[in-house]
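Colleague: Starting off with a structure, shown below.
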Amino acid sequence: MASDTFYADLPPLNQFLDLANPHSYVEAPADWYALITDVVASSQAIARGQYKEVNVLGASSIMAVLNAVAPLEVPFVFGGDGALLLVPPSAVQVARSALLAIRALARDAFGLDLRVGIVPLTVLGPQQAVRVAKFRFSPAYCQASFIGGGLTYATELVKTDPTYRLDRPDDCTAANLTGLECRWQDIPSPSGHTLSLIVAALPSGGYVNEYLYSEVLETIHDIYGEWESYHPVAPADLNLSLNPWRLRAEAKARAKSPQWRDRATYTARAYLESLLGLGLMRFNVQAGGVEWGRYKADVRAASDYQKIDDMLRMVIAGSPAQTEQIVAYLDDRVAQGHLVYGVHVSDRALMTCLIMDRRDRHFHLIDGADGGYALAAEQLKARLQGKVQNWQTYSRLARRRQSPGLKLRRQA
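Residues are numbered in my numbering as their position in the sequence shown, beginning at 1, plus a constant of 1336.
Now the structure itself:
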C-alpha cells in the first residue's frame, strides 16, 4: 500500500469483537506522524460547566485536520477532551497549521488551553508500536482503532517534552471547521444511566494481554445484551435543539469572528437550518440526495460509541443495576492486577457531528454528558497510580506484544 493511501486501502473489519484481536491490526507506516490534542485542566473546565466546550474543542481538532488534508483519508479517535490522528508526511504541514489554528481558537473563543503536538512515528522504539485497524459501523462509516502502546507513549511525549508541542503563533490563520455541528439535544438514556467507560489492560510479567479486551466485551454483552441493547443513541430520542443558547459552543467555534454580531448571525442561520431539518425529517422528504426520513437511523449507525486507542473506550446506555454489575466485574479484575478502568455516570449522552457529506460521509462523536471520557480518564489515572509509580511508568510498560490470551468465544 502506498503511504498516503495506507488507511484508505486498509480493509475494514465487520465485527467489533475482531478489534480485541491483536492479529487484526497492521503497522502504521513508519514515516507517518501522530497528532495529539487535549484540553489542559479539562476536569476544572468541566466543573465550571464547560463540558460542551471541552467536547467541541476535541471534535474541532479532528474536523480541522480532516478539512486540511482532504481528500486524504486518515485515521482518528475522539477522546472527549482531545483527539488522536495519524497523517502521512505529505499532509503534516497543513495539519500542523490546522492544529495551531484550533489552539488559538481554544484560547481566544473559549478561554481554554488546548495542548497540541506532533510526534514522528520514527522516534518511537520497537516496543512502542502503532498498529491500526478499521471497523465498519455502517456502509457510510468506518472507525479507526489503535493498539501497540505507541500512541500512549507519544501522548506522554507531548505532555512532558516541549520538543513535540506546538506553540501558538500570533499570525496563524483561522481553521476550516466547515462541517462541525452541535445541534442535537443531549440524548437521554432509556434506562437511566449513560456510562463513559475506559479500560486499560495492565502489563504482567512485561506483557500486556491484549486479548483481555475480548473478555471485557463479552462480559458487557452478558450484562447488557448485544450492541443494540446498549447503544447510547436511540433514533426516537434524537431531537434537534431549537434553543439558541445550546448552539453557543458551535457559534463560538465557527462564527466569522468573536464579535457578538457575527456569533448572533451564525446562531440565527444554524437555528433556521435546524428548523428546516426538523421539517425534512418529520415529513420524510428526500432532498439533496438525503433520505431525511431515515437520517436519524443513519446518525445512529455512524456514531463512534465504542473504539480502542491502546485502551477500550465505550459509551454505554443501561440501568443502574447493570452499572453495578459491570463495575463489580471490573473491580474484581483490578484486584487481580489485570486492568485499570475509569467510569463516569450520567443520565444522557452528548453528540458532536462532523459532516463531510450528509448523504454518505458524516461522523458523530459520542460522549457522556457532564464530563464523560475526560472524568473517566481522571479516575483511571488515579487507579493506575495505585498500581504503578505513575502514568509515565505505564506508558513505558505498555509494550504491546503477542500473548496467548483468551480464546475468542463469540462474535459480536
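Heads up, the beta-carbon is just placed ideally off N, CA and C, and yes, glycines get one too.
1) Just checking my contact of residue 1646 with residue 1446 at CB under 8 Å: how many whole Å lie between their CB atoms?
2) List in chain order: all unbroken beta strand (DSSP E) runs of 3+ residues lying wholly within the segment 1430–1508.
3) Please list, in chain order, all residues of the same chain as residue 1669 whose beta carbon is under 7 Å from its beta carbon, the five residues on each side excluded.
4) Thinking C-beta only, is residue 1701 closer than 9 Å to residue 1395?
5) Cutting at 6 Å between CB atoms, please list the residues of its own chain near residue 1715, excluding the five before and the five after it.
6) Go ahead and label residue 1439 buried or exposed: buried means 16 or more other beta carbons lie within 10 angstroms of its beta carbon, across all protein chains shown.
7) If we count Cβ pairs, one from each stretch, closer than 8 Å, do we get three or more for the segment 1551–1568 versus the segment 1473–1491?
8) By DSSP, does residue 1339 sit in helix, in strand, or in coil?
9) Between residue 1640 and residue 1414, which are expected to be in contact by the criterion C-beta below 8 Å, what is the C-beta distance as a whole number of angstroms?
10) Output the distance between the C-alpha atoms of residue 1282 and residue 1672, rounded to the nearest integer angstrom.
11) If the criterion is Cβ atoms closer than 9 Å, does the pair residue 1525 and residue 1416 meet it?
12) State buried or exposed for residue 1539, treating a residue as buried only when at least 16 other CB atoms are found within 10 Å of its CB.
13) I need the straight-line Cα distance from residue 1375 to residue 1722, nearest angstrom please.
14) Between the alpha carbons of residue 1420 and residue 1412, how many angstroms are there, rounded?
15) How many Å lie between residue 1519 and residue 1693 at the Cα?
16) Please name the residue or residues paired with residue 1352 in a DSSP beta bridge.
17) Sort 1493, 1508 and 1454 by Cα distance to residue 1443 and report the nearest one.
18) Does residue 1619 pass the burial test, meaning 16 or more other C-beta atoms within 10 Å, or should it be called exposed?
19) With burial defined as no fewer than 16 other Cβ atoms inside 10 Å of the residue's Cβ, what is the status of residue 1667: buried or exposed?
20) Which one of 1614, 1362, 1698 and 1379 has the shortest CA to CA distance from residue 1465?
21) Go ahead and pull the three-state DSSP assignment for residue 1541.
22) Taking the Cβ atom as the reference point for each residue, do residue 1472 and residue 1371 lie within a distance shorter than 9 Å?
23) For residue 1650, does the three-state DSSP call read helix, strand or coil?
24) Along the chain, where does the beta strand (DSSP E) that runs through residue 1688 open and close?
25) On the three-state DSSP scale, how would you describe residue 1361?
26) Around the C-beta of residue 1462, are 16 or more other C-beta atoms found within 10 angstroms, so that it is buried, or is it exposed?
27) Do the segment 1569–1577 and the segment 1609–1616 meet, that is, are 3 or more Cβ pairs less than 8 Å apart?
28) Classify residue 1685 as buried or exposed, calling it buried when 16 or more other Cβ atoms lie within 10 Å of its own Cβ.
29) Of the choices 1455, 1474 and 1480, whose alpha-carbon is the least far from that of residue 1497?
30) Which residue's Cα is closest to the Cα of residue 1535: 1658, 1621 and 1643?
31) Given this structure, state the Cα-to-Cα distance separating residue 1698 from residue 1399, to the nearest angstrom.
32) Excluding sequence positions up to five away, which residues of its chain have a Cβ less than 6 Å from the Cβ of residue 1346?
33) Within its chain, find whatever has a CB closer than 7 Å to the CB of residue 1758; leave out the 5 residues flanking it on each side and keep chain order.
34) Helix or strand or just coil, what does DSSP make of residue 1676?
35) What does the Cβ neighbour count give for residue 1388, buried or exposed, with the cut at 16 atoms within 10 Å?
36) Where does the unbroken beta strand (DSSP E) through residue 1698 begin, and where does it stop?
Modeller: On the basis of the coordinates in this document:
1) Here the question's residue 1646 lines up with position 310 in the sequence shown. Here the question's residue 1446 lines up with position 110 in the sequence shown. Rounded, the Cβ-Cβ distance is 27 Å, inconsistent with contact.
2) 1450–1456, 1467–1474 and 1477–1483, all fully within the segment 1430–1508.
3) As a working mapping, residue 1669 is identified with position 333 in the sequence shown. These residues qualify, in order along the chain: 1675.
4) For the purposes of this step, residue 1395 is identified with residue 59 of the sequence shown, where counting begins at 1. For the purposes of this step, residue 1701 is identified with residue 365 of the sequence shown, where counting begins at 1. In this structure, residue 1701 lies closer than 9 Å to residue 1395 by Cβ.
5) By one-based count along the sequence shown, residue 1715 stands at place 379. Result list for residue 1715: 1678, in chain order.
6) As a working note, residue 1439 is residue 103 in the sequence shown. With 16 or more other Cβ atoms inside 10 Å of its own Cβ, residue 1439 counts as buried.
7) Not touching, per the Cβ criterion.
8) Numbered from its first residue, the sequence shown carries residue 1339 at position 3. Annotated three-state conformation of residue 1339 is coil, per DSSP.
9) As a position in the sequence shown, residue 1640 is number 304, starting the count at 1. As a position in the sequence shown, residue 1414 is number 78, starting the count at 1. Their Cβ separation, rounded to whole angstroms, is 6 Å, which keeps residue 1640 and residue 1414 in contact under 8 Å.
10) What the structure shows of the chain is the stretch from 1337 to 1748, and residue 1282 is not part of that stretch, so it cannot be assessed.
11) For the purposes of this step, residue 1525 is taken as the residue at position 189 of the sequence shown. For the purposes of this step, residue 1416 is taken as the residue at position 80 of the sequence shown. Not closer than 9 Å, so no.
12) Here the question's residue 1539 lines up with position 203 in the sequence shown. Its Cβ being crowded by 16 or more others within 10 Å, residue 1539 is buried.
13) Position 39 of the sequence shown holds residue 1375. Position 386 of the sequence shown holds residue 1722. Cα to Cα, the separation comes out at about 24 Å.
14) Position 84 of the sequence shown, counting from 1, holds the residue named residue 1420. Position 76 of the sequence shown, counting from 1, holds the residue named residue 1412. Those two C-alpha atoms are separated by around 5 Å.
15) Locating residue 1519 in the sequence shown gives position 183, counting from the first residue. Locating residue 1693 in the sequence shown gives position 357, counting from the first residue. Here the C-alpha atom of residue 1519 lies approximately 16 Å from the C-alpha atom of residue 1693.
16) In the sequence shown, counting from the first residue as 1, residue 1352 sits at position 16. Answer is none; residue 1352 lacks a bridge partner.
17) Here residue 1443 is taken as the residue at index 107 of the sequence shown, counted from 1. When only C-alpha atoms are compared, the closest one is 1508.
18) What you label residue 1619 is simply residue 283 of the sequence shown in a count that begins at 1. Burial call: exposed.
19) Counting from 1 along the sequence shown, the entry for residue 1667 is found at position 331. With fewer than 16 Cβ atoms within 10 Å of its Cβ, residue 1667 is classed as exposed.
20) Position 129 of the sequence shown, counting from 1, holds the residue named residue 1465. Of the candidates 1614, 1362, 1698 and 1379, 1362 places its Cα closest to the Cα of residue 1465.
21) Here residue 1541 is taken as the residue at index 205 of the sequence shown, counted from 1. Legend: pLDDT at residue 1541 = 47, less than 50; position of this residue unreliable, value from coordinates given subsequently. DSSP places residue 1541 in coil when its eight states are reduced to three.
22) Residue 1472 sits at position 136 when you count from the first residue of the sequence shown. Residue 1371 sits at position 35 when you count from the first residue of the sequence shown. Here residue 1472 is not near residue 1371, since their CB atoms are 9 Å or more apart.
23) Taking the first residue of the sequence shown as 1, we reach residue 1650 at position 314. Collapsing the DSSP output to three states places residue 1650 in a strand.
24) Residue mapping note: residue 1688 aligns to position 352 of the sequence shown, counting from 1. Its beta strand (DSSP E) spans residues 1684–1693.
25) By one-based count along the sequence shown, residue 1361 stands at place 25. DSSP places residue 1361 in coil when its eight states are reduced to three.
26) Taking the first residue of the sequence shown as position 1, residue 1462 is located at position 126. Result: exposed.
27) The segment 1569–1577, when compared against the segment 1609–1616, does touch it at the 8 Å Cβ threshold.
28) If you number the sequence shown from 1, residue 1685 lands on position 349. Burial call: buried.
29) Within the sequence shown, the letter at position 161 stands for residue 1497. Measuring from the Cα of residue 1497, the nearest candidate turns out to be 1455.
30) Position 199 of the sequence shown, counted from the first residue, corresponds to residue 1535. Between residue 1535 and the set 1658, 1621 and 1643, the nearest pair of CA atoms involves 1643.
31) Within the sequence shown, the letter at position 362 stands for residue 1698. Within the sequence shown, the letter at position 63 stands for residue 1399. C-alpha separation (whole angstroms): 11 Å.
32) Taking the first residue of the sequence shown as 1, we reach residue 1346 at position 10. Counting only Cβ-Cβ distances below 6 Å, and skipping sequence neighbours, we find 1470.
33) The question about residue 1758 has no answer, for the chain in this structure spans 1337 to 1748.
34) By one-based count along the sequence shown, residue 1676 stands at place 340. Residue 1676 falls in the strand class under three-state DSSP.
35) The sequence position of residue 1388 within the sequence shown is 52, counting from 1. Residue 1388 comes out buried.
36) Indexing the sequence shown from 1 puts residue 1698 at position 362. DSSP places residue 1698 inside the beta strand (DSSP E), whose first and last residues are 1697–1704.
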